[in-house]
Each structure stands twice: as structure tokens, then as C-alpha cells.
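Protein chains in written order, with the UniProt record's numbering: chain A, 1 to 446; chain B, 1 to 446; chain C, 1 to 446; chain D, 1 to 446.
Here it is in C-alpha cells:
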């Protein structure tokens, strides 16, 4: 997580202030339930909330003093103990009833769940914004004809709107995956040293889970099992790979020879300090790199699953790094991609120009089918079309209409000129755009 | 995929015979629909099915001649064309109506979907078998007390059944993940060269999808988008990591000094050719390695997502290898793990012996709480317990009852002997085993 | 390892026949040394070689019967014992002196070293062939001017020969890395059950190592330490990534809009069954996928390092798969890349055409420097150049000479027309091509 | 890179101050050479050094004002331009001769080389410290007998010193790898927009390289080729995996049931807030996690190799993160491991106790050989040893001397009691410890 690729809202989820606030709420809810169960005095439990809610009303948050907690931790060498000590400074003697029968992991793991769930919420919102931008631009360019390319080579026409509809469909899937990933990690464990509830009633876990909007972990050890976190980070890796796919598409479209679309380039912007003529797709190149970073965090998360027995702590350093890094980086990437799509400069006339570059070769399949239907064998049809196509391929200079021309001049092709010309209307290729839009957006109309 | 780590049923999904059978069914269903749409003659479409179903009735399968197809491919240099040529050898002239308006990718990608869906079905069945074994052994050892370990160090007691219940819960999650992953890739695309349906009606796709039990791909390019496959392989990586977790647990339990459980060792088996005394956990060590292999296939699948434009073919070589390798390896691993669990030799008496190894230290938390409740400050309580615990820790030889003894002799611990002894009953730690079983299995009873 | 992406020479390194031949040689050399040390009878040691060398003289190899060994293994459940049994069938009673004091791992790990060293030799030879192709084509196109591109956007001119020289330099480095990687794994361990030489004299290891061209492993456990193998596979991952870099370059150059170079397309070849006009860069796309596969094997090899204590066997399944897969795949990829480079069709006229596409903008830096030297501030110079460049950028249609034209017409640019024209000779950009070639190839001349 | 797992010296390599100091030195050396070549005035070049060296003499460093540079960058949106502007504020008008004919990448990439080379130097020094600690402890425990374990199961004896000698040999290899990795990335490129030296003489590159202790990059594009960086990070991944291996060994040795060694536990330390009896191997568990993190950065670095054409900028975000993260994390890990080894508490008596746990079974191979040599067939010998060994294996309670006892009582084992007893002296297993030490340390003596 580096500031250059971070947005404040996601960063704040991982701040010390947020962490302590969640710690407090877990502890205070647990104390409330313990009071209800008769383990600690009711008035103490209530007073803790009263004092801290008053602070919140005043400060906007609970107002923990992070520096003070750090100071105490330097003595106690234990973060949760330092926090509890500071809490008692704020709350007074009632604080001694906090944390009864709980272990540090109960707090730490449940807090991580809350943080990851909140991070997932932001990422889902990011995708919603991206979907909105994709949909808007897709409808804008629903009928903007452009060449479809397989292997980087011209194939047959499609529309730029359909390209964006593909991205929309892909990110709709990613949204659903993130919702599932969120559910994976939104669990609460307050079950003690090895998950046996020896020193705390399972009802406390149930109560805290409900208060925090989590489900209970059916069986925990000292920790929430790490297959959940692995699935979460694996999902982020898939989403990042989709970001890369769209980024690579735009980088291709902006290539000098293609230039069908371009990242927005503001007046006064400099593409290169040395070469004043440059406008580079630096945002999408950056997204490509960010995707690599997020993907690189998947395997460490998978390696974290096989903790020893009821837990070891090897996962902890991994999560301290990839928890913030993966979510902050992906959040930034999704935001950046949304901006790119939103402001993407599209050049329909270049799309048209490129489409015509090969002198009509994008209709080679139609011509093949026409010849077959006219009674030629598949082999002869293929040979005739390929022969005339390759002549165009190898031409230099203006090829406009050249494929049709060649076919008309080929003595072995006995279709009439009119029949040949009929193979070159673009509408043929676009007749199902409405169908596709209806499948993706629910309707072909905006 | 190597024979040593393969099972025939999963291997057969990836055989040439299976592939050609799926190819045929896609083609034949598509032809049926094209007949219905009036594009090809109805009797031809019907005859194709008639001839081939007759072969199937006779041979048990459609009886494609793989060697013959290979021979044709050496001439045509195109696998789908070779297949179609062979099909016409079997079916006669009606075969010329097959593949009308379709492209090779329509067949290839939809076939991959069918294969991956079938592979997922096998994996789900594998997990069901594993869950059954885990559940049986979990109930068998529901009350078999054993020490819980954090950091490899004795913590507090749990039961061996609870350990297995954890594995059960984890694989229940993995089952749900595989069901979701199956849905990800069970889609059908018959949409032509760049997904525009220019030469084939979308109704054909819908018809074939329904016949094959797939959903339609809302918007494809030439290919089904690879975020789907990425999600599938990422899920296999998570499942493999869970396999590793259980395998590592068993490897630990079989260590000479621990020996609480052991892989089944058959009479006549040799653990080592050089050292006749050995019984090694080779199956679970092998599972650890297989997990690494499956995990290693996740990143290539993620890298496959960002194909260029409407497709490039870089994903193909990756999938030719990891498609079979990941599914065959994981299938084998799940089967092997089920066998290990099923026949695992458990040593409750060693569990008991190990539990007592530290002379009662596993009750240090209880003692801490007891002192706190007796009015000692948390700091004093901790110091008293730690002081007496460390004396036991550093003892050599028999420590039975030593922790309680030390506490009784400590002048600063004013609890009565009876109060101290009361802290050492095991039932305290196991009182919520029923709760945990009810959460995991729906009921605490078998 | 699948036949489609395999070459026989590398495959044969991993065959059962090769493995057994190496096993035999290790065993027989060890027996020779044991005879010298007086542990076994000299005549027996000599006779073993005599019998087997006679077989070799007759059969071309030692003629082990793999099926027979498999058959024995089905009874003994131990591969090395099965081999030794078969050996005694071939050699007679003297065979009982083979394998004295050795353990299976001594044979297996040293054999893996021999196989990996041989694989490295093939890969180094592959790179030598690739380097030769790159050098030949580099000199052929030493002066073929082409636009250099940063961010996919035209920057300044270079030559196609320089591009190939870059690839040459990169693969020279890869060659050196492979030589180092070969040295990493070319070690011999014959040290017994946990590496203590309890039952075999270290001199045996030294002798066998020398005979096999290996170094001794200074300290082994039961196995050769896996950091060596990790380094080997990591190196293959780097080489594969370089293969991808060159492959991606060619894929870019073959794009329809660029078409500066093209994979060789043979007469009669079909680029697409549906679209007869297509010529796709399928070989380099395939190389991109193969690179992903090899890279995916790096992490499992790294995870293999942390074996437990003196060894566990988790690495074995990983190496059974990635040993052959990584070397066979990379060997195939290097061979394919060499073929692509060798037969690459280069279009200098298209390079020229593309170079001029932006109407001279590739001299924007020169113009910027010229204005600065003429006394304009850097800011004013930049603004003037960018202003006139962007006008060209946004033009459609023929831009020939347009950048110079704009500058001449700009009243704020007071350079003379002659001064401006002088900024547009290409030789300026190519003046150090000889220097670069001299650095890379040792000389600027062929 | 998070403070918790960072050491200041490595962090400072990646600070803004260090970066600007390297930028300055590259620029100033280049200007010196340009002055020598007559491109810029000699007195200006000299004055720049004079002014800045004076600042350095005064401040200890060049005293760049990072905040001021950031402020300028907010206007110029370009980091190198902001730096140059600030430099001119410090140096005055002579600064206008800086950066003549150079591009930003010349500075940025060469700076990264310097930073990575310095990072490598620190890592090499870290390994030297680790090697020293390993050697000291290895000699200390050269004769401390301990059981060697394969598969986690007792095999045959070795010494704890030999275990440490293995680690020493492994890290000696890692040192050599880091030296090679350093050479990979210690190159200098000052070659302009696409590496053609169009606007700057290659002699400048040569001069700057020499001054900075780098080699020249034989052929660069706009950037230094990323196969170099890939190799660097791959090497860090191997070193991290070796760290994990040693860490896992220690975690195993500290397990409650084994307890042959223990991380140092200071008086006053708390292993667990809830369970006062705990002493956990938290440092080595942490090292396991840190290894996962460093390994996870290898693949992104490999993916960075295939930049498009003469460069795209996708690698940049990756390196901004993994450059500092991988080196800082590995530096911290090596330091922590050195501390662990240095202060490791070793329990020879527990090693002895564990060695005897199986009642002498660790001599089963010797017994097998003895029986064979006494004329028993290999099969009968194996059966006899296994039969008597398994009886011990399945015993509970004290097994001291039990294996020998069983053998003596076995009527089918006709060796005398004396012959059997002779198989149980430990010296047999340790007779080559000196050989091993001589191989690893150059001498068997301290």
C-alpha cells in the first residue's frame, strides 16, 4: 500500500483508529451479553457504552489516543492489553469487566472480518460505479461499428458498444463474486484459546455476531479458518485480472497505428518530458501493473491455509501486508478504471477507417458461405476466397473495395457482381446487437 | 497429469473419445435446431442422430476412430475439419449440413465447458465421500480428549472429534465453492467468429445450451470469457490448500514424539528399504506436494484472462495442460485424503499421555481466572501462574500433577488445595462439544 | 508435458529407460569404488560392468526391461528394489554386491541431478541456436529503420536489427543464467539415510560424482537440499519470461494495422477455417501461453525448499510433474521461437510507412532541443513543439511532412525553414547503431 | 513494507532523500562528462559539484528539500522536472546545463539499479552475519547427538552441529546467488528515448557507470531490460525459502513433545495473555509468513519482463511496491533469523531423551546389515528386524533397550547378545562428522 495508489476511504478501514473502534465495539457488545448472562454487572456494561457513546457524540469517533496506546504497548509488549489499559483510563473501573473469558484472537480475527467485509463493501460499490460508466458508454456506442479482432488480426465487424457490454457482463460476474467473497469472511469467532468455549459462553459469540452484522463461525480453533481468507484474496485476484483485460484492450486501441480510442488527455498535460508529441495510455498501463500486484497476493493467501494444529501465527505477517495492500490497490484500480472509461475519447471515424483497411476482407466468411450455397465444394470455395483475399493482404496502399473487385475479376468465381456486392453490407454483422444488449442489460434499449 | 496421481474416471473426461463425443453432440443438436429454423433439411438432421445413436446402441459409445481422425488431421492441419470429415465417413452425405454457420471455437469452448462441468461434478462427489468419512470419524472420536495446540505448543484440551468437525466444516465450504465454480464455467457459446451471431441464429445457442445442461453465455467474443475459467481454477487452488491443511495435521500427529494418529500401515508394508522400523506418513506428505501443484496452476489461469481484443490463443496451451492436470490431480488428492481419513489409526491413549505431558499446565488460564476472581490483580495472578508454570516447563522427567502441586506450595497463592484441584477436571473444557457438533452437523448426536 | 508441446530428445531424458540407465551407472560406479575399498569383491564389480557393457555394445543401451521391472514392483511395492531384482536377473549372483550401504534416495536424487543437468545442456544448446538465428537476422536488418515505441505510441526511430540485438543480449544473459543453474543442481549425494555416511564411505560419493561429472554435495540430509532445485526452476521461469517478451513483440508487429513483420505462412496453410483471409501469429501466441506454464512451476519449486527435518517426501510429486514439464515445455518453446525468428517475414516498407504515419512527429525531441539551443526557454520550446505536434496528432488522412509544415507556419517559431528541415533526417537517430552492435556482438560488422 | 517488519538502513535506501541524492549524482556526473565532450561549459559542471559538495560537507547530505520538490511536482506533474527545478534553486543558473539530452528513464532506471545494488549489499552483509552465527553454533554443537528424522519419523542419529552446518552450506549458496543477482541489476543506461543515443553520446553512459560502480547496459530500450530485475527478485524468493526452511526446523524442535531447542524467552516475556504457561516460537512462525510474502513478489517481477516494444510503464507500479517490500522484508527476516540462531536455547538432554524414545530402533539399518552379513537373506533379515522393531513401535511406556532385548529373545535371530549389543554404539553414526565439517567450513576444527 503506497500513497500513490491509495484512496482515503479504503485506507481508513485499515487505520489504527478504525481498528481500535472495532475492538471496542466487540468488547463492549460482549460485555453487554455477559451482563445479561449474569457474569458481569449490568450497570458496568451499560456505563461503558454510556461513557464511550458520549465521547463519540462529542468527537465524532470514540477518540482513542493511538499514541498513548503505543506508549503502553512499549511496556506491556501486548497490543490488546495496551488497548484495554487505555480503555480503563477512559472508562474508569467498570473497564475491568471487559474482555472476561476472551482471548486476543477473538478480538483480532473478528476485527479482521469486519475490516475485510467493509473493504468488500467498498469494492462492490467501486464495481457499481464502473458498471454504470460501462453501461453509459456501451449505449452511447451501441451502433459504433468497429472491427473485431482475433489474434490481433482483423476478423469481422462488431460495435464498440458490444465490446463495452462484454466488460459490463464480466464485471457483473465480478460483483457477484465479491458478494460471495464478502460472505466468506464476514464471520465472528469468540470461542477462546482453542475454540472450545471453555471460558466463555457461545451465546456471547452469537450476540456479538448479530450486533456486527456477521455470521458465527460454526467451529473455530483459536482463529477463523484461513480457507475463508484464501477464497477472498483469490477472488480479488480474479477481479484484478478482469481490470487488466479491459486495460489491455484500451492500450491496444490507443496504439498509434490503431488509435480508435484514447485515455483522456487534459489541456496542459505532458505525455513525455522529452518528446512533446506523446500521449501515452499511462493509466491503463498502470492498471496492468496493479493487476500483477494483486494477483501476486493470491498465493501467499493460499499458503496461509495450512496453519499448524489449532493455529500458528505465520499467517499474521502475510495478512498485515496483503490485507491492506490487496484491497487498497484494487480499490484504487477500480476507481482509476472507472475514470478511464468515463472519460475515454472514442474515435468512430478511425474505427471505420481501420475496418476498411483490408479492403473488405472482413466479409471473407460470408463470401465463403455464399460460394458454398451457390454449389461450390467447401474446398473450392475456400481456395477461391483465400486466393483473392491474399492478393489484398499483400497489397500496399489503398485497398478500398479491392476484395470485391478481385472476386469479380476471378474467372472461377461465377457469382454476379450484384451477388458479390450484396456480401458487403455491414448491417449483416450487427443484426443481433439488440439481442446481446438485451441479454447483458436486460433490454436492448437504453 | 501423470498416471501415478490419476484416477480413470477423471482421466476419461479428458480423453479424445470423450472430446469427440461432446463435439458430435454439440454439432448434432445445433443441426437439429437449424433444421427447425429451416436452414437445413429436417430429415438430414434426424438421420444424423439416427445413424449415430444406432452406433451408440451397438458400441456403447459413438465409436469414433481416433486414429482415423488423427490421420485426416495430418492432411488438413485442422482438428475440427478432420473430425467433420470423419463424421461424414460415418454418417454419409447428410453430414454436409453439420457445422453450418459455426466456428471451431463454438465447438471447442463449449466442449471445454462440458468437460470442466463434469470434472466439477466428480470433485463434488469426491468431497461428499470425504465429508462422509470425516463425519463418521468425528462422531467416533467426539469425546476423545486431546490437547489443542497453538504455535505447536500445548494450549488447552479439545477432542479429536472436534478437530475432524473443523475439517468437515472446511470441506463443506469447499463443496459450496465448487458448486459455484461449476456454475461459473457451465456456459455455452455458439456465436461465431467474434460473437456477433452474424452467421448463426442465437436460438441455436439457446437450444444447444439447454440440451447440454449449460446456460448461454450472455455475450461472448470468439471465446467464452476467461474470467470464468480463472475463477474455476482459483477455487481448485483453495480446495487444494484445505487438503494440505488436513494433510499437515496428520503428518504432525504421526511424528514419532507425538504419535496420536497414524496413516494405516498394512501388514507386509515397508516404510523404508533401509530402515525396517519406519512407518512414514507418505500419503499425507504426497498430498502436501499435490496441493503445491494445483496451487501453481492458479496464476497461469489468472494470466489467461487478459486475452487481446476478441481473443488470442495464448490461453489454449495453458488450458490443454492445466485443464486435465488440475482436475485429475485434485480428484486424486481428494480420493487419497478420504482413504487416509477412513483408515486413520487413532491412539486415544497417546493423546491422553501427551495431554498430561506438561503436568496440568493446560489449565493455566483457568487458574489465572480463578485467582483474578479470588481478588488478585490481573498482574499478580499472571505472575503467580507463570512462575509456577515455568517451573514445570523446565522440569525434566515425570511432571504428573506438578502444576497443581507447585501452586499449592506457593505461599503467595492462598487458594485452598481443594480449590486448586477443582481447576483440573477435563470436563470443563469439553462442555460445548455438543454445541459445536450441532453447529457443524446439524445435531450433536450421530 | 503433452506431446503437442514436446520434442523427443528432451522427453527421452525423462523416460524410464534413461532413468534405469543412470541408476545402473550410479550403482555400478559405487560398487567399483566399494571394491577398491575392499568392501566387495573386485571381480564381482568388474563382472557387473563387463556383462552390462556387453549388452550395451549389442543393444545400443543396457537393455533394461521396463515392463519386467514394473511387474516386479507390483510385488515389492518399491521401485529401487524392483530394479535391483531385475539387475540380478541380467547380471547373476554378482549383483548381490550392488547397493551395499546405500539408500534409495542416494540413487534417486543423484539421478535427478543427472537428468536436470542433461536438460540444462539441451536448453543451453537451444539458446545457442536461438542466438545464432537472432544474430543472423539482426545483421540482416541492422539498418532497417523502424519506429521505436514507448507505451505503444511512436517515439523515435531505431532499426529492426537493434530490436533483435536487444533480444540477443537478453538471451545471452539467459544462457549465462542456465549455465549457473546447471551448476546449482549438478551435485551427487551418496550419504545414507540421514546424510551421516554411517554405512558408506564418503569416498564412494566422491568417486561416483567424478565419474558422472557432478560435484559432491558438501552436506546432504537424506536428500540433496531443495534450494538448488528451486534456483533451477526459478531460472527457467526467467528464461520463459524472455521468450514471452520476444513473442509479444512479434504479435504486436503482426497486428493488422502494424504488419511490420509476420510469422512465416506456408502456401496451403489455413489461418482460420471460417475466415479464409486470416494469417494469425499463432506460434507466438502459443509461446505466450507456454511461458505462463513454465512460470507457474516456479512457486511450487520454491515451496519445496522447506522440507521437514532431514527430508519429507512432499517435493517428490511436485518434481515428478514439473521436472519433465518445465524442461520439455521450455525446450519446445525455445525451439519454436528459433523457428519463428529464422523464418520471420519482415516488411521494411511497412516499417517505413508506419514511421512516417505521424508526419514527422518522431523528431519532436530534436525540435525541442533545437528551440532550446536557439534560445527559447524550455517551457516556451515545449509549448511550441507540443502545440504543433498535437495538430498533426489530431489530423486524419495523410500527414506527410505536416509537422515540419506546421512549425514553419507557426509565427512564434522563428527558426528558418532550412533549420527546421534539417531536423528531419533519419541518420541522426541511427548514428550509434554500430556502437550498439559492437557492444552486443563484439563488433559492429558481421 | 510495514514498520513492524523493517530495519532503518534498508528502508533508507528507498527514501526520497536517497533517491534524490542518486538522481543528483547521475545528473552531475553526466554533466561533467558532457563538459569534457564540449557540450556544456566546464566551469558550470564544476560549479554544480562545488556548490552541492559544500552543502554535503555542511549537512551530511545534499540537503534536498523533499517537501519543496513535492510542491513543485504538484504544478509540473513530473517528478524529474520538479527535481531539476529545485536543483536550480540550490545551484543557480549553472543548473540549466544539467540533464542535457537525457530522458527521465535514464535517471529513474539507473537510480533503481543503484538502489537494488545497495539493497543487495545489505542482504549479503545480512547473510554474512547469519553465516557467522550458524558457524559458531554449529561448532558449539558439533558433537551434540540428536536423532535425524525423515518424514517426521525417527531415522538415524546425527548431530545438532551437522544440522546447522547444512543451514550454513545453504546460506553460503544463497550468498553466492545474491552476489550474482547484484551483478545482474548493477547496470547503467543513459541512452535516450528509445535507447538510440540520438541525443547523448554513449561515452556519457560509460562515464557515469564507472563513477557509480555499475556496468553499462549493452543495449537498452528506453529502459533497462526487465529480465535482470526478474532474476533479482527470483533470487530473493529462493533466499526467503531457505529462511523458511530453517524457521520450520526450529518450529518443529520447539514443539511441546519434542522441545530440543527453543527461541530465547526473556524474563518478563509473556507467551500468551490468556495462558501464562506458553512459550511460542513466534519469531520463526513470523519468518515463515515473511517468506510467503517475498515469494509472492517473484511472479509479478516475472510478469514485468514482457514490456511492449521499447517499453511500457506497467512495471513501474509493481517495482514501486516490490522493490522496497521484497528487500526490506528479506533484510528484516535475515536479521531476525540471525538473532534466533544466535540466542537459540538448545537442550542436548532432550535430544538424548528423544533419541532413545524408540528403544534403539534407530539402529534398525545396522541390524539389517549385520544380519545380512551374517548370512541371512535380505528378505529374512528385513522380516526379522521389522518384526522386532514393530513390537517396540507399538509399546507404550518405557522402551529403553527394548529393541536389543527383543532381538536377543527372537529364536530366529541367532546373533549372540554381544553381537547385538555391538550394534548400539552411537559413535558409529558420528564417525564422519569431521568430514562433513571439513567440507562445509574448510576444516573440521573450529
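C-beta: ideal position from N, C-alpha, C; glycine also.
For residue 279 (chain C), same chain residues with a beta-carbon under 6 Å away, outside a window of 5 residues either side, are 265, 271 in chain order. Scanning chain D for C-beta atoms nearer than 7 Å to the C-beta of residue 303 (chain A) yields 292, reported in chain order.
In the structure shown, residue 26 (chain D) adopts helical secondary structure according to DSSP, grouped into three states.
Residue 386 (chain A) and residue 307 (chain D) have their C-alpha atoms roughly 34 Å apart. Chain order gives no chain B residues near residue 74 (chain C), where near means a beta carbon separation below 9 Å; the closest approach is about 13 Å. Ranked by Cα distance from residue 250 (chain C), the options A:380, A:14, A:152 are led by A:152.
When Cβ-Cβ separations below 8 Å define contact, residue 331 (chain D) makes no contact with chain A. Rounded to whole angstroms, residue 99 (chain C) and residue 361 (chain D) show a C-alpha spacing of 22 Å. Inter-residue distance for residue 352 (chain A) and residue 162 (chain A) is about 15 Å (C-alpha atoms, whole angstroms). Residue 157 (chain A): member of the beta strand (DSSP E) spanning 153-159, first to last residue. Among the CB atoms of chain B, one or more fall inside 8 Å of the CB of residue 321 (chain C). Listed along the chain, the chain B residues whose CB falls inside 7 Å of the CB of residue 94 (chain A) amount to none; the nearest CB is some 15 Å away.
Around the CB of residue 301 (chain B), 16 or more other CB atoms lie within 10 Å, so the residue is classed as buried. Beyond the five residues adjoining it in sequence on each side, residue 194 (chain D) comes within less than 7 Å, by CB distance, of 221, 222, 310 in the same chain, given in chain order. Contacts with chain B at 8 Å (Cβ-Cβ) do not include residue 326 (chain D). A straight-line Cα-Cα distance of about 27 Å links residue 295 (chain C) and residue 114 (chain D).
Fewer than three beta-carbon pairs drawn from the stretch 162-176 of chain B and the stretch 371-386 of chain B are found closer than 8 Å, and the two stretches are therefore not classed as touching. Under the 8 Å criterion on CB atoms, residue 3 (chain B) is classed as non-interfacial with respect to chain A. Residue 261 (chain C) has C:346 as its beta-bridge partners, per DSSP. The continuous stretches of beta strand (DSSP E) do not include residue 69 (chain C), which lies in the alpha helix (DSSP H) extending over residues 66-76. The beta carbon of residue 312 (chain A) sits closer than 8 Å to some beta carbon of chain B. Any Cβ of chain A closer than 8 Å to the Cβ of residue 389 (chain C) would place that residue at the interface, and such an atom is present. For residue 221 (chain C), no beta strand (DSSP E) encloses it, and the DSSP letter there is neither H nor E. Listed along chain C are 76, 77, 78, 81, each with a C-beta nearer than 9 Å to that of residue 270 (chain B). When the beta-carbon positions are compared, residue 227 (chain B) and residue 238 (chain A) come within less than 8 Å of each other. DSSP, reduced to helix, strand and coil, places residue 256 (chain C) outside both helices and strands of the structure shown, so it counts as coil. At a cut-off of 8 Å between beta-carbon atoms, residue 316 (chain D) makes contact with chain A. Measuring C-alpha to C-alpha distances from residue 425 (chain D) to each of D:293, D:217, D:367 identifies D:367 as the nearest. Look at the stretch 426-437 of chain C: it has no residue with a C-beta under 7 Å from a C-beta of chain A. Distance from the CA of residue 69 (chain A) to the CA of residue 305 (chain A), rounded to the nearest whole angstrom, comes to 31 Å. Within the stretch 155-237 of chain A, the alpha helix (DSSP H) runs of at least 4 residues that lie entirely inside it are, in chain order, 160-185, 202-212. Ranked by Cα distance from residue 15 (chain B), the first of B:341, B:51, B:328 is B:328.
Taking C-beta atoms as the reference points, residue 90 (chain D) and residue 40 (chain D) fail to come closer than 8 Å.
Short of 8 Å from the beta carbon of residue 49 (chain C), and not among the five residues preceding or following it, lie these beta carbons of its own chain, in chain order: 28, 32. By the C-beta criterion, the stretch 94-113 of chain B is judged to be in contact with the stretch 195-212 of chain B, since at least 3 inter-stretch pairs fall below 8 Å. Taking the CA atoms as reference points, residue 391 (chain B) sits about 11 Å from residue 358 (chain B).
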